[in-house]
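Enquirer: In full-length UniProt numbering, the protein residues as written are 1 to 78. Cβ atoms here follow ideal geometry from the backbone N, Cα and C, with glycine treated the same way. Since the model is a prediction, treat every value here as computed from it, not as a measurement.
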């Protein structure tokens with residue numbers, strides 16, 4: 001559910017939505033969400049001063065309150 005949200009949100013922002021891919025790595029305490037995007041879209045996904053990725057993290061923290069799982073997001077270039 002969270003990975004689908006992140007993927008759809010990133011595809012709306014990215015200039016190359018076909019390059020956006022999300023992987024989820026479940027850990028003991030933290031679930032890591034890896035967001036892969038085209039090099040040209042990395043700046044758009046992070047935003048000025050990290051505001052865009054910060055907004056995504058804020059929404060995900062609401063899900064943490066609901067299901068008790070901690071999430072970490074990493075944005076990487078394809």
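Rounding to the nearest angstrom, what Cα-Cα distance links residue 46 and residue 52 in this structure?
Expert: Taking the chain shown and counting its residues from 1, one reaches residue 46 at position 46. Taking the chain shown and counting its residues from 1, one reaches residue 52 at position 52. Looking at the two C-alpha atoms, the distance is approximately 5 Å.
Enquirer: Comparing alpha-carbon positions, which option in 25, 15, 29 lies nearest residue 67?
Expert: As a working mapping, residue 67 is identified with position 67 in the chain shown. Checking every option, the nearest Cα to that of residue 67 belongs to 29.
Enquirer: Identify the residues that DSSP records as bridge partners of residue 29: which are they?
Expert: Counting from one through the chain shown, the residue named residue 29 turns up at place 29. Residue 29 is not bridged to any residue.
Enquirer: Output the boundary residues of the beta strand (DSSP E) element that contains residue 75.
Expert: Here residue 75 is taken as the residue at index 75 of the chain shown, counted from 1. Start and end: 70 to 77.
Enquirer: Can you round the beta-carbon distance between residue 11 and residue 24 to whole angstroms, since I take them to be within the 8 Å contact cut?
Expert: Taking the first residue of the chain shown as 1, we reach residue 11 at position 11. Taking the first residue of the chain shown as 1, we reach residue 24 at position 24. That pair is no contact at about 16 Å.
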